[in-house]
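Participant:
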Amino acid sequence: LAYQHTRFIMSAPTLAHCPADTGAEVAFAGRSNAGKSSAINTLTRQKALARTSKTPGRTQLINLFAVGDDDHRIVDLPGYGFAKVPEEVKRKWQHHLSEYLHGRQSLRGIVLMMDIRHPLTEFDQQMLAWADEADMPVHILLTKSDKLKRGAAKNELLRVRRALHEWEDMVTVQLFSSHTKSGIDELEKRLNQ
Ligand code: GDP
Numbered sequence: 049l050a051y052q053h054t055r056f057i058m059s060a061p062t063l064a065h066c067p068a069d070t071g072a073e074v075a076f077a078g079r080s081n082a083g084k085s086s087a088i089n090t091l092t093r094q095k096a097l098a099r100t101s102k103t104p105g106r107t108q109l110i111n112l113f114a115v116g117d118d119d120h121r122i123v124d125l126p127g128y129g130f131a132k133v134p135e136e137v138k139r140k141w142q143h144h145l146s147e148y149l150h151g152r153q154s155l156r157g158i159v160l161m162m163d164i165r166h167p168l169t170e171f172d173q174q175m176l177a178w179a180d181e182a183d184m185p186v187h188i189l190l191t192k193s194d195k196l197k198r199g200a201a202k203n204e205l206l207r208v209r210r211a212l213h214e215w216e217d218m219v220t221v222q223l224f225s226s227h228t229k230s231g232i233d234e235l236e237k238r239l240n241q
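Just remember that full-length UniProt numbering sits 48 ahead of the position in the sequence shown, which is counted from 1.
Structure, rendered in structure tokens:
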């Protein structure tokens, strides 16, 4: 797929407002500030397709993008779940997310962004548990890998893989940096699968 030919389709307040459940889509998730918007921009070679923000928890709409044609989509999920939003909002969101993971025919998997300096947060564990429940494959990007020296980044990759050993059939992990643009090929390969 030509990821550089990705365009914005729409923003939706809930997953119920998303386009028809046809074709194939992959959802991008991550705690606020994990580097999700930057990763989407890096993958699609666009400067500001997904809005990056320095304010944690700002993005609260689901943003949908078409890759190549309308049959392949990237779904940019809001970073909350553990951000400072009211409990009620959080609960509603979790309910929607659960329905989406279980009911969306076109959903093929989840790309989960984790800042390499603090991976496997409570948010991440929760996403992994929900994905597991829904039998949904997860591909983890350890983002901002440029923040660590090469050896340290590699060690962290191995450490996270070991920690997720029990999900080895469903969970894959790679290093990624939007700053150095490293990890794009590996991500594209996994998405194509
Ligand atoms: P989001 O909230 O998950 O969408 O995260 P953003 O993409 O907005 O990134 C959050 C912050 O991390 C911003 O200040 C980015 O500049 C920074 N950031 C994102 N990706 C990288 C990266 O690969 N390397 C470094 N050093 N910083 C990054």
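Just so it is clear, CB atoms sit at the ideal spot from N, CA and C, and this is done for glycine as well.
Between residue 111 and the rest of its own chain, which residues show a CB-CB distance below 6 Å, the 5 nearest in sequence each way excluded?
Facilitator: In the sequence shown, counting from the first residue as 1, residue 111 sits at position 63. Closer than 6 Å at the Cβ level, and outside the excluded window around residue 111, lie 59, 124.
Participant: At the level of alpha carbons, what is the spacing between residue 240 and residue 49?
Facilitator: The count along the sequence shown starts at 1 and reaches residue 240 at position 192. The count along the sequence shown starts at 1 and reaches residue 49 at position 1. Using only the alpha carbons, I get a separation of about 7 Å.
Participant: Any heavy atom of the ligand GDP within a distance shorter than 7 Å of the CB on residue 231?
Facilitator: As a working note, residue 231 is residue 183 in the sequence shown. No, the beta carbon of residue 231 sits no closer than 7 Å to any heavy atom of the ligand GDP.
Participant: Helix, strand or coil for residue 240, going by three-state DSSP, please let me know.
Facilitator: Position 192 of the sequence shown, counted from the first residue, corresponds to residue 240. Correct three-state label for residue 240: helix.
Participant: Do residue 54 and the ligand GDP come close, with the Cβ less than 7 Å from some heavy atom?
Facilitator: Your numbering for residue 54 matches position 6 in the sequence shown. No.
Participant: Under a Cβ-count criterion, where at least 16 other Cβ atoms within 10 Å of its own Cβ denotes burial, should residue 96 be classed as buried or exposed?
Facilitator: Counting from 1 along the sequence shown, the entry for residue 96 is found at position 48. Residue 96 comes out exposed.
Participant: Closer than 7 Å to a non-hydrogen atom of the ligand GDP - does that hold for the CB of residue 161?
Facilitator: Numbered from its first residue, the sequence shown carries residue 161 at position 113. Yes, the ligand GDP has a heavy atom inside 7 Å of this Cβ.
Participant: Are the beta-carbon atoms belonging to residue 184 and residue 155 less than 8 Å from one another?
Facilitator: Stepping through the sequence shown from its first residue, residue 184 is reached at position 136. Stepping through the sequence shown from its first residue, residue 155 is reached at position 107. In contact: residue 184 and residue 155 (Cβ atoms closer than 8 Å).
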